[in-house]
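Quick notes on the structure that follows.
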């Protein structure tokens, strides 16, 4: 794992997520893809388990920095990323359709956990939470696999095109 | 083991006081202020498709006129009461501090982070203007940045007055770019389009300033009370610059 490259990609994506991504937001609910969620799934697929734990919690921390409340996303991203890494040991998530499905399911479950933890913290959760969570997960699932290729190149990850590694 | 330590850290963040954890968010906003502002400006410029023919928007003029009308009305009342006794201007001791919006801290646009803080005289509770209308209050302040809780935030509560009614009520944020006034008796006549003003608050606001307009009213769960929906008169999503009202600087 190249940790410097990891730090650069996380900082860049966090800034993009907090500012520029509004350009491609859709509907009145401002639904946009969650780049940090896509990265979470990317690292869960391409890294070993201990690296996934570190990357998942770090990405969760980055997601919390640009959210109204600190804490919920660290926990939910940490849990989801780690669970996905263990799942990947059993089921290979290599096809684009599987990657999309992984992003969608992870996004939806992480979103529900974030909503619950935000409520637990006593912060406002906004209206139409589940619509936003569903829309964000779907949008991320659609664009996510296309972002895996540049991420693989940037992280200098060696992928095995045929067979499981 | 690693997982357990990270989970513990997550729970510490979750249950730590908000003013402590906000420091991380303020630090990020300060460090990346430049790229965040550029990104926000680009996304706003792609979203705003109306031609820029006027330097000041029509909405801003309208809000300014609404504020002036209310001030004039009050000044008339004072003159009538005091009949010539010396009086000071409503905004005599007020300092307006311009601030850039660094970013929305929330996808539902119920909070903003601005690039002014304690260093510039900001403190919790001060009112924030956008397009000459109140958009929210300062909820958290660091040395060089601050968080603005918008009037539409579900935890926001602001004392307001509806134009034409001589009663003060509390307006609560309802999310989804709207707010609610609920404890108003149905004996009061309310109309769609009535202006809603932020009420005076000693040390924070010396005069009534427009917040929004009545968008809808109906009888609430309690049949003798109105359930009034208020829409802000400012398009908060597209704001780049806000003004913080600092009394007695």
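Protein chains in written order, with my numbering: chain A, -19 to 145; chain L, 26 to 274.
Ideal Cβ positions, reconstructed from N, Cα and C, are used throughout, including at glycine.
Note that the structure is predicted; figures quoted are calculated from it, not measured.
What is the rounded straight-line gap between the Cα of residue i and the Cα of residue j?
i: residue 37 (chain L); j: residue 73 (chain A); result: 33 Å
i: residue 129 (chain A); j: residue 231 (chain L); result: 58 Å
i: residue 123 (chain L); j: residue 28 (chain A); result: 49 Å
i: residue 144 (chain L); j: residue 260 (chain L); result: 28 Å
i: residue 96 (chain L); j: residue 59 (chain L); result: 38 Å
i: residue 95 (chain A); j: residue 52 (chain A); result: 8 Å
i: residue 198 (chain L); j: residue 161 (chain L); result: 10 Å
i: residue 32 (chain A); j: residue 170 (chain L); result: 34 Å
i: residue 27 (chain L); j: residue 196 (chain L); result: 47 Å
i: residue 70 (chain L); j: residue 104 (chain A); result: 29 Å
i: residue 201 (chain L); j: residue 179 (chain L); result: 9 Å
i: residue 54 (chain A); j: residue 165 (chain L); result: 22 Å
i: residue 154 (chain L); j: residue 10 (chain A); result: 23 Å
i: residue 139 (chain A); j: residue 25 (chain A); result: 11 Å
i: residue 205 (chain L); j: residue 135 (chain L); result: 15 Å
i: residue 40 (chain L); j: residue 14 (chain A); result: 25 Å
i: residue 93 (chain A); j: residue 108 (chain A); result: 15 Å
i: residue 46 (chain L); j: residue 66 (chain A); result: 31 Å
i: residue 129 (chain L); j: residue 156 (chain L); result: 17 Å
i: residue 76 (chain A); j: residue 131 (chain A); result: 14 Å
i: residue 248 (chain L); j: residue 212 (chain L); result: 11 Å
i: residue -19 (chain A); j: residue 56 (chain A); result: 23 Å
i: residue 115 (chain A); j: residue 121 (chain L); result: 40 Å
i: residue 51 (chain L); j: residue 251 (chain L); result: 39 Å
i: residue 111 (chain L); j: residue 102 (chain L); result: With a pLDDT of only 48 at residue 111 (chain L), under 50, the local geometry of the prediction cannot be trusted, and no value is derived from it.
Let me make sure I understand the geometry here. Which of the options has the alpha-carbon closest to that of residue i?
i: residue 262 (chain L); options: L:141, L:192, L:203; result: L:203
i: residue 218 (chain L); options: L:243, L:212, L:163, L:256; result: L:256
i: residue 42 (chain L); options: A:14, A:49, A:43, A:44; result: A:49
i: residue 56 (chain L); options: A:10, A:1, A:14, A:-8; result: A:-8
i: residue 193 (chain L); options: L:223, L:245, L:102; result: L:223
i: residue 98 (chain L); options: L:191, L:244, L:267; result: L:191
i: residue -12 (chain A); options: A:134, A:66, A:61; result: A:134
i: residue 1 (chain A); options: L:48, L:40, L:50, L:64; result: L:64
i: residue 84 (chain A); options: A:4, A:125, A:59, A:101; result: A:125
i: residue 243 (chain L); options: L:271, L:268, L:208; result: L:208
i: residue 30 (chain L); options: A:58, A:80, A:97; result: A:58
i: residue 267 (chain L); options: L:159, L:40, L:46, L:47; result: L:159
i: residue 119 (chain L); options: L:102, L:229, L:254, L:45; result: L:229
i: residue 238 (chain L); options: L:273, L:177, L:248, L:246; result: L:177
i: residue 21 (chain A); options: A:56, A:-17, A:3, A:79; result: A:79
i: residue -17 (chain A); options: A:6, A:23, A:3, A:8; result: A:23
i: residue 3 (chain A); options: L:51, L:50, L:68; result: L:68
i: residue 62 (chain A); options: A:99, A:90, A:-4, A:8; result: A:90
i: residue 254 (chain L); options: L:264, L:215, L:265; result: L:215
i: residue 149 (chain L); options: L:264, L:265, L:44, L:35; result: L:44
DSSP three-state label for residue i, please.
i: residue 152 (chain L); result: strand
i: residue 208 (chain L); result: strand
i: residue 71 (chain A); result: coil
i: residue 135 (chain L); result: coil
i: residue 227 (chain L); result: coil
i: residue 87 (chain A); result: helix
i: residue 14 (chain A); result: coil
i: residue 42 (chain L); result: coil
i: residue 275 (chain L); result: With chain L covering 26 to 274 only, the question about residue 275 (chain L) has no answer from this structure.
i: residue 47 (chain A); result: coil
i: residue 113 (chain L); result: Its pLDDT being 49, under 50, residue 113 (chain L) is placed unreliably by the model, and the measurement read from it follows with that caveat. In this structure, residue 113 (chain L) counts as coil in the three-state DSSP scheme.
i: residue 257 (chain L); result: strand
i: residue 66 (chain L); result: helix
i: residue 103 (chain A); result: coil
i: residue 55 (chain L); result: helix
i: residue 165 (chain L); result: strand
i: residue 196 (chain L); result: strand
i: residue 174 (chain L); result: strand
i: residue 243 (chain L); result: strand
i: residue 109 (chain A); result: helix
i: residue 76 (chain A); result: helix
i: residue 219 (chain L); result: coil
If I'm right that residue i touches residue j with Cβ under 8 Å, what's the distance once you round it to whole angstroms?
i: residue 146 (chain A); j: residue 17 (chain A); result: This structure cannot settle anything about residue 146 (chain A), because the visible part of chain A is limited to -19 through 145.
i: residue -1 (chain A); j: residue 61 (chain L); result: 5 Å
i: residue 172 (chain L); j: residue 227 (chain L); result: Going by Cβ atoms, the distance from residue 172 (chain L) to residue 227 (chain L) rounds to 23 Å, so no, they are not a contact pair.
i: residue 19 (chain A); j: residue 39 (chain A); result: 6 Å
i: residue 269 (chain L); j: residue 127 (chain L); result: Not quite, the Cβ-Cβ distance comes to about 14 Å (not below 8 Å), so this is no contact.
i: residue -6 (chain A); j: residue 34 (chain A); result: In fact, because the Cβ distance is near 16 Å, the residues do not count as touching under 8 Å.
i: residue 167 (chain L); j: residue 142 (chain L); result: 5 Å
i: residue 151 (chain L); j: residue 258 (chain L); result: The pair is not a contact, with the Cβ atoms about 20 Å apart (cut-off 8 Å).
Verify the contact flag: residue i, CB atom, against every heavy atom of the ligand SAM, threshold strictly below 8 Å.
i: residue -17 (chain A); result: The model depicted lacks the ligand SAM and carries no ligand whatsoever.
Is the number of C-beta pairs between the segment 232 to 241 of chain L and the segment 90 to 98 of chain L that are closer than 8 Å three or more? Two segments are said to touch when three or more pairs of C-beta atoms, one from each, lie closer than 8 Å; by this definition the segment 232 to 241 of chain L touches the segment 90 to 98 of chain L.
Segment contact, 8 Å Cβ cut-off, at least three pairs: the segment 60 to 73 of chain A with the segment 118 to 134 of chain A: no
Select from the segment 141 to 168 of chain L all residues with a C-beta closer than 9 Å to any C-beta belonging to chain D, and list them in chain order. Absent from the structure: chain D. Protein chains present are A and L.
Would you call the segment 207 to 223 of chain L and the segment 183 to 199 of chain L in contact, with 3 or more CB pairs under 8 Å? yes
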